[in-house]
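Numbering (the UniProt record's numbering), first residue to last: 1 to 164.
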């Protein structure tokens, strides 16, 4: 992927393209830009984005346009957001600490996954998937080690695994 960053007052501040594709662009917004775009009907947003691209590419975008779609992560249940970019005030090791499970004496544990809990590959969907796999492996190791024996969580896990 290769990106272009546009200066204000453009509606869509980032545009990504995959060289070698069939002229496909991905407009990307976050924060206040995402709020503004999310409040627009999809057809109006596509129209405004095409006008922006025409300004940048000397009117050539409209001639090459074949169609578009809008996807708003903020409106997807159980996601309802974008991603967690690093902050200039973020301390080193914060994401690694966020990814650490909390283990309770009761046998319960709380494990964290998501792109923000991936210290190497944050801000990406594949970073979220990798952290989910890591958290699942942590849980499996706990069950295999017997550290959860007799806990309500272990009983539930045994019930679920017997169905498989």
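Each residue gets a CB set at the ideal place from its N, CA and C atoms; glycine is no exception.
Review point. Would you call residue 88 buried or exposed, if buried means 16 or more other Cβ atoms sit within 10 Å of its Cβ?
Key: In the chain shown, counting from the first residue as 1, residue 88 sits at position 88. Classification of residue 88: exposed, given that the 10 Å Cβ count is below 16.
**Study point:** One or two residues paired with residue 5 in a DSSP bridge
**Key:** Within the chain shown, residue 5 is the residue found at index 5, counting from 1. Looking at the DSSP assignment, residue 5 forms a beta bridge with 14.
Review point. How about residue 115 and residue 122: do their beta carbons lie closer than 8 Å?
Key: Stepping through the chain shown from its first residue, residue 115 is reached at position 115. Stepping through the chain shown from its first residue, residue 122 is reached at position 122. Yes.
Point to revise | Under the three-state DSSP convention, the category residue 68 falls into | key: Walking along the chain shown from the start, residue 68 turns up at place 68. DSSP places residue 68 in coil when its eight states are reduced to three.
Point to revise | residue 16 vs residue 28 beta-carbon contact at 8 Å | key: Translated into the one-based positions of the chain shown, residue 16 becomes position 16. Translated into the one-based positions of the chain shown, residue 28 becomes position 28. Closer than 8 Å, so yes.
Check your understanding: beta strand (DSSP E) containing residue 28: first to last residue?
Key -> As a working note, residue 28 is residue 28 in the chain shown. Here the beta strand (DSSP E) through residue 28 covers 25-28.
**Study point:** Contained alpha helix (DSSP H) runs [length at least 4] in the region 103-156, N- to C-terminal order
**Key:** 125-145
Practice item. Could you say which of 146, 63, 124, 96 lies nearest to residue 135 if we only look at CA atoms? Key: Reading the chain shown from its first residue, position 135 is the one you call residue 135. Measuring from the Cα of residue 135, the nearest candidate turns out to be 96.
Point to revise | residue 42 - containing alpha helix (DSSP H), residue span | key: Here residue 42 corresponds to residue number 42 of the chain shown, with the count starting at 1. Here the alpha helix (DSSP H) through residue 42 covers 42-56.
Exercise for review: Rank 41, 133, 8 by C-alpha distance to the C-alpha of residue 111 and give the top, closest one.
Suggested key: The residue you call residue 111 lines up with position 111 of the chain shown. Of 41, 133, 8, the residue nearest in Cα terms is 133.
Exercise for review: Could you have a look at residue 92 and say whether DSSP puts it in helix, strand or coil?
Suggested key: Counting from 1 along the chain shown, the entry for residue 92 is found at position 92. DSSP places residue 92 in coil when its eight states are reduced to three.
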